[in-house]
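The block underneath contains the structure these notes are about, expressed in structure tokens.
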Amino acid sequence: MTVSVIKNGAIARVIIDNPPVNAISAAVRQGLLDAVRTVEADDAVKAVVLSCAGRTFVAGADVTEFDKPPVEPHLPDVLNAVEACSKPFAAQIHGTALGGGLEIALACRWRLAAPGSQMGLPEVNLGIIPGAGGTVRTPRLVGVEAAADLITSGKPVKAEKALALGLIDAILPAENADQAAEDFVTAALGAALPEITSARPIGQKDEAFWTETAARVKRAAKGNTGPVEALASLKNATEVSFAEAMAFERETFLRLRKTDQAAALRHIFFAERAAPRPSELKGVTPRPFTRIGVIGGGTMGAGIAVAMRNAGLPVQMIERDAEAAARGQANVEKILKGDLAKGRITEAKYAELIGGFNAAADYAAVADCDLVIEAVFEDLDVKRAVFAELTRVCAPDAILATNTSYLNPDEIVADLPGPERFIGLHFFSPANIMKLLEIVPTSGSAPDVIATGFALAAKAGKMPVRAGICDGFIGNRILKLTRTTAERLVVAGAEPSQVDNALQKFGFALGPFRTQDLSGLDIGAFQRKAARGRGESPWAPVADRVFEAGRLGRKTNGGWYDYDTAGKEVAGTPAAVAEAIAAARADAGVTTPATFSDAEIVEAIMFPMINESAKIVAEGIAFRDSDVDLVKVSGYGFPRFRGGPVQYGRAIGFAKVAEGLEALAAKGLADGPSEALKAWAAKA
Ligand code: 3H9
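As numbered in numbering that gives the first Met the number 0, residues 0 to 683 make up the sequence shown, in order.
As structure tokens, this is what we get:
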């Protein structure tokens with residue numbers, strides 16, 4: 000039974016049992032409605048405790064139903080029945096009460112929560128707003144201001160905070176919680192019953208509050224419409240009757256559920272849950288890892304070391320000599336001191352984190368590490384020398400990983416003993432902050448070694464995505480293409496700032512030129528030099544010239560943009576960049592620079608990205624299209640509410656993207672559609 004009723008004297012217990020997270024499916028809604036009727040009809044029942052089986056209270060509406068038309072009974076009606084039931088309900092919360100789960104609790108007379116439980120209204124993270132009274136009942140319990148925070152941020156609060164806010168009535172003891180909940184209700188029945196939530200008064204706020212809050216919410220939402228709509232529903236709830244407010248909320252919820260944004264956010268929600276659990280690793284036990292070696296103490300190595308320390312793992316760093324080891328130590332201290340200064344960690348935590356870290360110059364110090372991550376200079380010979388040394392000093396079953404971003408991990412470890420123990424673990428800078436971790440098996444990686452990569456990601460709070468070997472794996476392969484496409488636009492006639500601004504308006508955290516200024520133009524220049532050394536001919540006529548002019552980006556106070564002494568970008572294209580552009584245009588025979596609308600720029604950048612994503616999936620570099628989207632959203636500032644390049648292409652229609660690519664190719668702005676994209680277009 001999805002919902003069962005246990006009658007045991009005056010207090011009945013209604014239990015929702017819908018694994019894994021008790022999501023509110025149609026069966027749960029019907030079961031709850033039936034349970035209300037059952038207890039209503041039983042004179043012996045005086046009150047009801049509503050709880051859930053398994054690891055959590057209700058995690059919300061069943062998101063998998065959102066692509067289909069709503070099925071009766073609808074949750075708001077079920078909850079009105081719960082609230083109107085003459086036998087008062089108490090919600091007994093454990094784990095999380097989220098979205099519709101919290102809305103169920105709001106319709107109960109009392110809310111009792113286990114210590115450590117959390118409650119919230121995360122609907123805005125799915126591009127929707129609460130749809131069963133979240134914006135209407137919450138303010139009646141916690142006040143309008145606290146409700147605005149809860150609903151527009153989507154962030155859950157812990158039981159203690161919920162109690163202080165008035166969202167719950169009591170925190171239950173950790174032991175014998177069921178009995179304690181029933182005792183609470185029995186005692187409460189002896190006093191006057193609290194008013195049902197819908198009958199409670201709702202606070203009022205002046206126009207200034209709403210104007211200021213709406214502006215703040217819109218800024219923070221960065222293009223996600225959910226928070227803005229949720230606030231509008233809350234405001235409406237303060238102005239009209241309960242029933243009218245419920246109708247308005249429901250209408251908004253149903254309208255938003257059908258939007259591309261909501262579909263995109265659901266896509267990423269499921270992508271995040273699929274990527275960490277590759278089906279081919281089902282049943283494979285990861286190797287234990289208790290001590291981590293990090294080779295290289297530069298920005299990347301230090302960031303990885305801190306990420307590992309934050310995961311509670313002791314770290315041994317190796318640098319080439321004592322001086323470099325001291326620099327590595329200083330780099331790690333700098334990151335941790337920054338966290339201390341920002342109040343992210345306490346003095347005691349700092350001491351604990353730095354206490355578990357050591358930097359040395361002798362490889363013998365990693366002999367007892369069971370997982371070693373190399374993060375040295377991107378040079379094949381340098382990396383090969385590191386791995387040769389590691390295979391000499393480390394135990395034969397120790398896992399040896401490379402953090403390379405552009406080299407071929409197979410070439411790095413070619414001919415070394417124990418091919419099954421090598422793997423690529425591609426962290427993103429700053430590695431202590433960025434969640435994405437590309438897991439790149441080599442041709443010899445053993446399944447349990449790959450599984451250990453995923454286990455390490457879980458331990459360190461990273462988002463692992465499996466990627467195959469190609470130039471740049473998933474993320475940097477697309478990044479490289481995007482840089483080329485952006486430069487094609489500039490050579491054809493666009494200004495770098497126009498390209499950046501159009502993409503930022505689309506929702507990207509930063510445009511491609513501003514990103515290059517941040518990370519340094521030397522990185523791309525170095526990669527192109529290495530590629531030319533291999534006989535390839537990478538195309539970057541403007542970036543090459545800007546780099547040759549000594550403009551490496553923010554670190555030299557100028558790259559694609561100039562920066563003032565405070566580090567603020569100076570408007571306009573710097574003269575040196577304008578010269579580089581003019582020279583590249585002359586080489587390309589561009590006599591009359593073309594003009595582009597923002598929409599054309601977005602298409603010119605996005606369509607090749609979608610095309611490349613299709614190729615990446617067709618080649619098996621990514622296992623699923625949602626993995627490509629996850630990489631771009633979690634590692635490259637791609638707007639989450641657009642769901643990643645593939646989901647964006649799906650929303651437009653792959654056939655339309657393929658057509659658009661033909662037109663871009665005719666103008667020399669992109670390659671034509673790939674066979675892989677054409678296949679997607681044919682299937683859609
Ligand atoms: C809503 O409630 C709208 C209402 O206002 C209006 C209604 C009218 N639906 O995350 P996990 C699956 S909107 C369907 O790995 P954890 C998930 O896909 C909803 N499935 O576990 C996974 O499946 P699989 C508002 C769901 O322990 C499995 O459960 N609520 C849902 O790390 C385990 O999930 C939310 O946004 C769902 N709602 O974390 C809360 N939730 O095993 C969303 C999970 O096949 N959920 N699944 O891959 C969460 O935040 C986390 O799942 C939770 C548990 C914290 C609960």
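From the three backbone atoms N, C-alpha and C, an ideal C-beta is built for every residue, glycine too. It should be emphasised that the depicted structure is a prediction, and the values quoted were computed from it without experimental measurement.
Asked	Found
Just to confirm my understanding: we take Ala145, look at its own chain, exclude 5 residues before and 5 after, and list those with CB closer than 7 Å. What are they?	Leu164
For my contact list, Gly355 and Val314 are in at a C-beta cut-off of 8 Å; report their separation, rounded to the angstrom.	7 Å
Please classify Gly558: is it buried, with 16 or more other beta-carbons within 10 angstroms of its beta-carbon, or exposed?	buried
Using the C-alpha atoms, what's the distance from Ala190 back to Val4?	25 Å
Using three-state DSSP, classify Pro418 as helix, strand or coil.	helix
Phe88 lies in the beta strand (DSSP E); which residues open and close that run?	Phe88 to Ile92
So for Thr594, helix, strand or coil by DSSP?	coil
Find out if the Cβ-Cβ distance for the pair Leu455, Phe622 is shorter than 8 Å.	no
For the alpha helix (DSSP H) containing Leu101, name the first residue and the last one.	Gly99 to Leu105
Expressed to the nearest angstrom, what Euclidean distance is found between the alpha-carbon atoms of Ala593 and Ala347?	59 Å
For Pro155 versus Leu97, is the C-beta spacing smaller than 8 Å?	yes
Considering only C-alpha positions, which residue in the set His93, Ala161, Pro226 and Ala244 is nearest to Asn706?	Because the chain spans 0 through 683 in this model, residue 706 falls outside it and cannot be assessed.
Using 7 Å as the cut-off, classify the Cβ of Glu122 as near or not near the heavy atoms of ligand 1, replying yes or no.	yes
Can the beta-carbon of Gln646 be found less than 8 Å from the beta-carbon of His73?	no
Provide the residue span of the beta strand (DSSP E) that contains Lys6, from first to last.	Val2 to Asn7
Enumerated in chain order, which unbroken segments of the alpha helix (DSSP H) with a length of 4 residues or greater are wholly contained in the region 176-258?	176-188, 206-220, 225-236 and 241-256
Among the candidates Leu435, Thr185 and Ser625, whose CA atom is the shortest distance from the CA of Arg649?	Ser625
With Ala22 and Ala58 assumed to form a contact (beta carbons below 8 Å), what rounded beta-carbon distance in angstroms separates them?	6 Å
Quick one: grab the DSSP three-state call for Gly643.	coil
Which residues in the same chain as Glu410 place their Cβ atom closer than 7 Å to its Cβ, once the five residues preceding and following it in sequence are excluded?	Leu379
Ile294 bridges to which residues according to DSSP?	Ile317 and Glu373
What are the start and end residues of the beta strand (DSSP E) that includes Glu388?	Unbroken run through Glu388 is the alpha helix (DSSP H), Leu379 to Val392; no beta strand (DSSP E).
Phe56 by DSSP, collapsed to three states: which one?	coil
Quick one: give me the first and last residue of the beta strand (DSSP E) that Gly659 is part of.	Careful: Gly659 lies outside any beta strand (DSSP E), inside the alpha helix (DSSP H) at Phe653 to Ala665.
With the cut-off set at 8 Å, would you say Ile620 and Cys469 are in Cβ contact?	yes
In terms of alpha-carbon separation, which member of Gly302, Gly667 and Cys84 lies closest to Leu488?	Gly667
When you compare the CB positions of Gly471 and Phe640, do they come within less than 8 Å of one another, or not?	no
Check this for me: beta carbons of Pro226 and Val239, under 8 Å apart or not?	no
How far does the alpha helix (DSSP H) with Pro138 in it reach, from first residue to last?	Gly133 to Val141
Report the start-end ranges of each alpha helix (DSSP H) in the region 11-82 that is 4 residues or longer and not cut off at the edges.	25-39
Locate the beta strand (DSSP E) running through Asn357, then write down its first and last residues.	Phe356 to Ala359
Checking 8 Å against the spacing of the C-beta atoms, do Thr572 and Ser496 come in under that value?	yes
Taking buried to mean at least 16 other C-beta atoms within 10 Å of its own C-beta, is Leu192 buried or exposed?	exposed
If distances are taken between C-alpha atoms only, which option among Cys84, Lys45 and Asp66 comes closest to Asp33?	Cys84
Quick check on Ala491 - is its C-beta less than 8 Å from some C-beta in chain C?	Among the protein chains of the structure shown there is no chain C, as only one such chain exists.
Could you check whether the region 99-110 touches the region 241-248, counting it as contact only if at least three pairs of C-beta atoms, one from each stretch, sit closer than 8 Å?	no
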